[in-house]
Amino acid sequence: DQQVKQNSPSLSVQEGRISILNCDYTNSMFDYFLWYKKYPAEGPTFLISISSIKDKNEDGRFTVFLNKSAKHLSLHIVPSQPGDSAVYFCAASAEAGANSKLTFGKGITLSVRP
Amino acid sequence: DTAVSQTPKYLVTQMGNDKSIKCEQNLGHDTMYWYKQDSKKFLKIMFSYNNKELIINETVPNRFSPKSPDKAHLNLHINSLELGDSAVYFCASSRWDTLYEQYFGPGTRLTVT
Chain D
22 DQQVKQNSPS
32 LSVQEGRISI
42 LNCDYTNSMF
52 DYFLWYKKYP
62 AEGPTFLISI
72 SSIKDKNEDG
82 RFTVFLNKSA
92 KHLSLHIVPS
102 QPGDSAVYFC
112 AASAEAGANS
122 KLTFGKGITL
132 SVRP
Chain H
2 DTAVSQTPKY
12 LVTQMGNDKS
22 IKCEQNLGHD
32 TMYWYKQDSK
42 KFLKIMFSYN
52 NKELIINETV
62 PNRFSPKSPD
72 KAHLNLHINS
82 LELGDSAVYF
92 CASSRWDTLY
102 EQYFGPGTRL
112 TVT
C-alpha cells in the first residue's frame, strides 16, 4: 500500500532548464511534506519541506508546490545544474510529536545533462 | 568529521548468522532511527529512539533488536539472518523539535547468502 507515489522513475533535463519532479499521496492525514536528495553510496539529505497550511515554499533554486485538493506536490529546480543529478525522495508525515514518522516514495532519478 | 556514521558499510553473511550494525551521530541530536531500503527502493522506518527510549517500533520481526546505549548511538542487532533481510539499512538522527529534518548515515548494504 503505497501512500506516497513517485510514478516516474527517472527524469532527464538539460543544464539550465527547469526540472519538475512530481509526487502524489493518498493519505489525507498527511500534513507535512519533504524532499530528500540522495547521491550514490550516501544517505539521503534533507532538501526542502512544506507544511499543509502553505501551497508553496521556496529556497534558492528549489521550490516545492503543494496542491492539497489533488493530493499532489512537486519540486521545481531552476536552473538545473549537473550537480543536481541524484535520486529525489518525496516524504510525508501524518502525526506530530512522539509518533511522528516519515513515509517515503521510491524516488526519482534526475539526470542533468551538461 | 562525519555527522552520522555507520559501520560496517558492507556486510556479507550467511543465513542463520547473527550480525550487528553500529550507528553514531555527533550532531547532539536526541532522536535516532533505523530505516530499511529494500530491493524496490522504498525507505521504510523500522525503529525510532528518543533519549534512549524506544518510540516507534514498526512491524519488524523480533529477530531485529535495536539498542541505544546513549543518545549518540543506536545499534541494530539481527538474529538468525534470512535471505529477505538483504537490503540497505540507514541510520538517521534528528532533533526532537525538528523530527522531520533527519540526517542520514551512508547506509550499510547487508547481503545474506
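Chains as they are written, first to last, in the numbering used here: chain D, 22 to 135; chain H, 2 to 114. Beta carbons are placed, not taken as given, at the ideal position from N, Cα and C, and that holds for glycine.
### Message
Considering only the alpha carbon of each residue, which of D:Tyr60, D:Val85, D:Lys59 lies closest to Asp45 (chain D)?
### Response
D:Val85
### Contacts that Glu63 (chain D) makes with chain H (C-beta to C-beta distance below 7 Å)
Pro107
### Message
At the 8 Å Cβ level, is Thr66 (chain D) part of the contact set with chain H, yes or no?
### Response
yes
### Query
Should the region 97-104 of chain H be called in touch with the region 20-40 of chain H, which here means at least 3 C-beta pairs below 8 Å?
yes
### Query
Which word fits Val13 (chain H), buried or exposed, when buried means at least 16 other C-beta atoms lie within 10 angstroms of its C-beta?
exposed
### DSSP-derived helix/strand/coil call for Pro103 (chain D)
helix
### Message
Taking the alpha-carbon of Tyr50 (chain H) as reference, which of H:Asn80, H:Arg64, H:Lys68 has the nearest alpha-carbon?
### Response
When each option's Cα is compared against that of Tyr50 (chain H), the closest is H:Lys68.
### Query
In whole angstroms, what separates the C-alpha of Pro135 (chain D) from that of Gln35 (chain D)?
6 Å
### Query
Closest Cβ-Cβ distance between Phe91 (chain H) and chain D: below 8 Å?
yes
### Task
Report the neighbours of Leu55 (chain D) on chain H: residues whose CB is nearer than 8 Å to its CB, in chain order.
Tyr101, Glu102
### Task
Would you mind working out which of D:Asp76, D:Lys58, D:Ser72 sits nearest Ala115 (chain D), comparing C-alpha positions?
The shortest C-alpha separation from Ala115 (chain D) is found at D:Ser72.
#### Entry: Proximity test, Cβ basis, 8 Å: Leu123 (chain D) and chain H
yes
### Query
Residues of chain C with CB under 7 Å from Ile46 (chain H), in chain order?
Looking at the structure shown, chain C is missing, and the protein chains on hand are D and H.
### Query
Are the Cβ atoms of Asn58 (chain H) and Phe48 (chain H) separated by less than 8 Å?
Yes, the Cβ-Cβ distance between Asn58 (chain H) and Phe48 (chain H) is below 8 Å.
#### Entry: Lys20 (chain H) versus Lys75 (chain D): straight-line alpha-carbon distance, rounded
The straight-line gap from Cα to Cα measures roughly 45 Å.
### Task
Sort H:Leu75, H:Ser40, H:Arg64 by Cα distance to Leu55 (chain H) and report the nearest one.
H:Leu75
### Task
My understanding is that Lys10 (chain H) touches Thr109 (chain H), with C-beta atoms under 8 Å, so please give their C-beta distance in whole angstroms.
Contact flag correct, Cβ pair sits at about 6 Å.
### Message
Suppose you measure from the CA of Phe110 (chain D) to the CA of Ser29 (chain D); what does that come to, to the nearest Å?
### Response
Per the coordinates, the alpha-carbon of Phe110 (chain D) lies some 12 Å from the alpha-carbon of Ser29 (chain D).
### Task
Measure the C-alpha to C-alpha separation of Gln23 (chain D) and Pro62 (chain H) and round it to an integer number of angstroms.
21 Å
### Query
Using a C-beta to C-beta distance shorter than 7 Å, which residues of chain D count as neighbours of Phe65 (chain H)?
Neighbours of Phe65 (chain H) on chain D: none; closest Cβ ~16 Å, over 7 Å.
### Message
Please identify the residue among H:Asp39, H:His78, H:Lys45 whose C-alpha is closest to the C-alpha of Gly85 (chain H).
### Response
H:Asp39
### Message
If I measure Cβ to Cβ from Ile39 (chain D) and keep anything under 8 Å in the same chain, skipping five residues before and after, which residues do I get?
### Response
His97, Ile98, Val99, Pro100, Ser101
### Message
Give me the subset of the region 9-43 of chain H whose CB atoms are less than 7 Å from a CB atom of chain D, sorted by chain position.
### Response
Lys41, Lys42, Phe43
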